[in-house]
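In terms of my numbering, the numbers along the sequence shown are unbroken and rise by one, the last being 351.
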Amino acid sequence: MVVSYKCPQCGAPMEFDPETGKLSCAYCGLITTIEALEADPQENVQFETVTEKPETVQNENGTFRVYRCPSCGAEMLTDSVTSATVCAFCGTPGLIQDQLTGEKRPTKIIPFALTRQQAVEEFRDWSKGVFLTPRNFTQASTLEKITGVYVPYWLHDYRTQIRLDAHCTRTNVVRHGDEETTYTQHFNVVRDMDVDYSRIPTDASEKMDDATMDLLEPYDYSDLKTFDMPYLSGYLAERFTYTAEEMEGRARNRARSFAEQTARGTISGYGSVSIVNQQINFRKTNEEYVLLPVWMLNYRFKDQNYLLAINGQTGKRVGTLPVDKGRANGVFIGLFAGLFVLLTLLGGLL
Ligand SMILES: [Zn+2]
Ligand SMILES: [Zn+2]
């Protein structure tokens, strides 16, 4: 079932607006809070729903589900994990309700804080700091392809119990005339501590590049809100492809190194420290399924794909901007030619 929120005043589609944290209508400017919508959906905003079951189609790119756009009736193609999309023909946001209910319903969300316009400005600003991006990179036609995506993550909480046994030494040298004596004291140092580590994020999407997603961190989790479908209106979203259990290995590795660092950090003041024995026990205390905001730009330049991403909450940038080697050569030739002329002139003067 596709759900979209329509403006009660003019009937145009409403989208989540990062600036106000509310739903706004791009046509008549009406603004509705998500709470008001929750309290009385019929009164505040009309839900437009299409109850038809999706058909599926197959083409060379795979199998797609076909929904019908609630506004214009065009076909909306989605893959098996899409939970929010936008009609390619009329721009109406469509939320796929059966991908957002039951165990597929996220518990929390960090809504976009950066507007599309701010994201575009960020990309422009980013390219200014980089030597020679391709000429068309900052053109409107490139930057309008920026998409706001809610990426599925698991947040894992662990209590780790760590027991460390270390052999440590301290030495001092005492001088008697010509004679030097080295004294070494030996210590058995034991640490037994509980370390709580909460909200270890793991990217639950198969499609998203793990390295990029890791670099987008940290998110500020104090902005986590209880999940509500209207937050997704106007953005793309997908549901998890990996379960929390499948991501547990990655999360535990992070909890392990955090516990190790914490425990080892308490051993100081020795000349040498060597760990003799180390034992870590994990206890999962909580896990949550959340959606986190990312502005993305896929840019293709000279047969190469560039994935550029901006954290939709903090503005942190991840990715490498393309460099136009043709332009770079042009500049170097220009530089050397200039230098040559200068040297020739200087030579003439001497
Ligand atoms: Zn309106
Ligand atoms: Zn449409």
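Glycine is no exception: its CB is placed at the ideal position from the N, C-alpha and C atoms.
- Excluding five sequence positions before and after ALA256, the CB atoms of its chain that fall closer than 7 Å to its own CB belong to TYR159, THR161, TYR198, ILE201 and PHE283, given in chain order.
- Around ligand 2, the residues whose beta-carbon falls short of 6 Å from at least one of its heavy atoms are CYS70, SER72, CYS73, ALA75, CYS88, PHE90, CYS91 and THR93, given in chain order.
- Between GLU20 and GLY235, the C-beta spacing is not below 8 Å.
- Contact check between the region 162–169 and the region 235–249: fewer than three CB pairs, one atom from each, fall below 8 Å, which does not count as touching.
- Taking a cut-off of 8 Å on C-beta distances, the region 284–301 touches the region 313–323, as three or more cross pairs fall below it.
- If you look at LEU216, you'll find it in the alpha helix (DSSP H) that goes 211–217.
- The three-state reading of DSSP puts ILE110 in strand, counting E and B together.
- Considered as a whole, the region 115–165 harbours 117–129 and 141–144 as its complete alpha helix (DSSP H) runs of no fewer than 4 residues, in chain order.
- Contact between MET77 and THR86 holds: CB atoms are separated by about 6 Å, below the 8 Å threshold.
- C-alpha of LYS7 to C-alpha of GLY250: approximately 43 Å in a straight line.
- In this structure GLY95 does not touch CYS73 by the C-beta definition: roughly 11 Å separates them, more than the 8 Å allowed.
- PRO112 is not a Cβ neighbour of TYR290, given a cutoff of 8 Å.
- In terms of Cβ geometry, VAL196 and CYS169 do not form a close pair [threshold 8 Å].
- Annotation for TYR184: THR172, ASN173, VAL174 and VAL175 place their beta carbon closer than 8 Å to its own, counting only its chain and skipping 5 residues before and after.
- Between MET209 and VAL152, the C-beta gap is smaller than 8 Å, which places the two residues in contact.
- Burial state of THR83 is buried, judged by a 10 Å Cβ sphere holding 16 or more other Cβ atoms.
- Approximately 7 Å separates the beta-carbon atoms of ILE147 and ARG117; this is inside 8 Å, confirming the contact.
- Proximity to PRO219 across ASN137, LEU156, THR34 and ASP304 peaks at LEU156, based on C-alpha coordinates.
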